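Just below is one structure, and these are the notes that go with it.
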Amino acid sequence: MGVEIEIKDLTKSFGKQLIWGDVTLTIPAGEICVMLGPSGTGKSVLLKTIIGLLKPDKGSVVIEGIDIATCPEKELYEIRKLFGVLFQDGAMFGSMNLYDNIAFPLREHTKKSESEIREIVMEKLDLTGLIGTEDKLPGEISGGMRKRAGLARALVLDPEIVLFDEPDSGLDPVRTSFLNQLIVDLNAQIDATFLIVTHDINTARTVPDNIGLLYHKHLAMFGPREMLLSSEEPVVRQFLNAQMVGPIGMSEEKDADELESEKDMELPPLPPIPPQIEPSSGVPRRSQREPGVWCKENGITPPPGSFEENMTMTTGS
Ligand SMILES: Nc1ncnc2c1ncn2[C@@H]1O[C@H](COP(=O)(O)OP(=O)(O)OP(=O)(O)O)[C@@H](O)[C@H]1O
Ligand SMILES: [Mg+2]
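Okay, so the sequence shown: first residue is 7 according to the working numbering, each after it adds one.
Structural data, given as structure tokens:
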């Protein structure tokens, strides 16, 4: 279960504005990937290109042997059924209760009977901890519940790929932790491929198997979580540790003068790599590996204190 997404030399611009170029990465089947990047670097555009809502200038997005970028509409329509998408704001219909919102894709895309639909909707409500709220309107529930309702809706067609655009935006830290655990649990349970766009560094550090970073119109790095969390590459290091010292400035890149003034600044040491969140069922992730294996295999010494269960969750400053 879960399918691979193979992205090759993908380039996208709007008019004369290049968003990103030559993006190449393979999102492994059944794994969780997080895509990071400063605001406006085209993370949402990347998600939309992956589901074929936007056409790239060049390059390919191959899923099950079909190139999303060039295939005919009819094939695209079929391939889209593999996807569940959690939009940034949940994208619920305000005048429909949660039950009808979650049932919507089933009524739209399948010929299932209302009793079959009921069974699926209740199962997804249960999965996302929303039993008892099915009669509420989206406006009557909290932001965290709306996210979970969006997730329930993204899951009704049993997707092989789930795309999340900032599932944790606007959530308090405790809700974010619950949502992260839910994402890991769902991944273990439904075994689909997950791609998550987030600005939450703690999510990026603890949830995924792989991390990517979009910066300055290209994919700065993509690879296993341990690779990016132990990386000394200035942009990666700055972003994953939420630091001000580094090439990324408030608006875009820092200019030469700003960088010159930082030249002799000492960088704080890399914080320890936190343990990856494990499924609460105790059933390991499909891709689960011993903590530290990537570092060991690649001759990298992880920052001191890495992979300790009781480490604090600070990410440096
Ligand atoms: N349909 C469109 N037409 C023209 N320009 C667009 C379109 N969609 C996005 N853009 C531009 O592409 C750039 C990247 O936008 P995108 O929404 O992907 O950023 P992002 O990385 O998701 O940012 P954020 O973290 O703030 O959500 C922006 O400059 C945006 O204005
Ligand atoms: Mg976005």
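All residues carry an ideal CB built from backbone N, CA and C; glycine is no exception.
All of these numbers come straight from a predicted model, not from anything done at the bench.
Neighbourhood of residue i by C-beta distance below 6 Å, restricted to the same chain and skipping five residues each side
i: SER323; result: Caution is warranted here: a pLDDT of 41 is assigned to SER323, below 50, making its placement in the model unreliable, and no coordinate value can be reported.
i: CYS39; result: ILE33, LEU201, PRO214, ASN216
i: GLY8; result: ALA35, GLY36, GLU166, ASP197, ALA198, THR199
i: GLY149; result: GLY176
Residue i CB to nearest heavy atom of ligand 1 below 8 Å
i: HIS115; result: no
i: PRO62; result: no
i: VAL67; result: no
i: HIS222; result: no
i: PHE170; result: no
i: GLY46; result: yes
i: VAL162; result: no
i: GLY27; result: no
i: VAL228; result: First, the residue type needs correcting, since residue 228 is Phe and not Val in the sequence shown. Not so, every heavy atom of ligand 1 lies at least 8 Å from the Cβ.
Between the CA atoms of residue j and residue i - distance to the nearest angstrom
i: VAL242; j: THR199; result: 24 Å
i: GLU120; j: PHE93; result: 26 Å
i: ASP191; j: LEU59; result: 28 Å
i: LYS22; j: PRO62; result: 14 Å
i: LEU31; j: PHE245; result: 20 Å
i: LEU24; j: THR17; result: 8 Å
i: ASN304; j: ILE69; result: 30 Å
i: ILE13; j: VAL67; result: 5 Å
i: TYR83; j: LEU265; result: 48 Å
i: GLU268; j: GLY252; result: 8 Å
i: ARG292; j: LEU161; result: 19 Å
Residue i - containing alpha helix (DSSP H), residue span
i: ILE56; result: 49-56
i: ASP191; result: 179-196
i: PHE245; result: 240-246
i: PHE110; result: 104-115
i: LEU265; result: 262-267
i: ASP132; result: 120-133
i: GLY156; result: 149-161
i: THR212; result: 207-212
Sequence-distant residues of the same chain with beta carbon closer than 7 Å to residue i, five excluded per side
i: ILE279; result: GLU232, LEU235, SER236, PRO308, PRO309, SER312, PHE313
i: GLU239; result: MET227
i: GLY135; result: ARG154
i: ALA326; result: The requested residue 326 does not occur in the structure, where the chain is confined to residues 7 to 323.
heavy atom of ligand 2 below 8 Å from residue i C-beta
i: LYS302; result: no
i: LYS80; result: no
i: SER50; result: yes
i: VAL251; result: no
i: GLU241; result: For the record, residue 241 in the displayed sequence is Val; it is not Glu. Not under cutoff, so the answer is no.
i: GLN94; result: yes
i: VAL40; result: no
i: VAL203; result: yes
Enclosing beta strand (DSSP E) for residue i [first to last residue]
i: CYS39; result: 38-42
i: SER19; result: 11-20
i: ASN304; result: Taken as a continuous stretch (DSSP letters only), ASN304 belongs to no beta strand (DSSP E), as it is neither H nor E.
i: SER66; result: 64-69
i: MET227; result: 224-230
i: ILE217; result: 216-221
i: ASP28; result: 23-33
i: ILE167; result: 167-171
Nearest residue (CA-CA) to residue i, options the options
i: HIS205; options: PRO173, ARG181, PRO230, SER183; result: PRO173
i: VAL127; options: GLU146, LYS118, LEU143, ALA158; result: ALA158
i: ARG181; options: ILE167, ILE196, LYS153; result: LYS153
i: GLY298; options: GLY288, GLY149, VAL289, GLN282; result: GLN282
i: LYS54; options: VAL91, GLY71, LEU42, GLY288; result: VAL91
i: THR116; options: GLY138, VAL289, ASN103, LYS87; result: LYS87
i: PRO325; options: ASP261, GLN195, LYS223; result: Since the first residue shown for the chain is 7 and the last is 323, residue 325 is missing from the structure and cannot be characterised.
i: GLY100; options: PRO179, LEU143, ARG113; result: LEU143
i: GLY176; options: ASP164, LEU185, VAL168; result: LEU185
i: THR139; options: PRO275, ASP106, LEU169; result: ASP106
i: CYS301; options: PRO274, PRO285, ARG292, PRO230; result: PRO230
Residue i at chain C interface by Cβ criterion, 9 Å
i: PRO277; result: Given the protein chain composition of this structure (a single chain), no chain C is represented.
Sequence-distant residues of its chain with Cβ nearer than 8 Å to residue i (five each side left out)
i: SER287; result: ASP191, ALA194, GLN195
i: LEU163; result: LYS87, GLY90, PRO111, LEU112, HIS115, THR116
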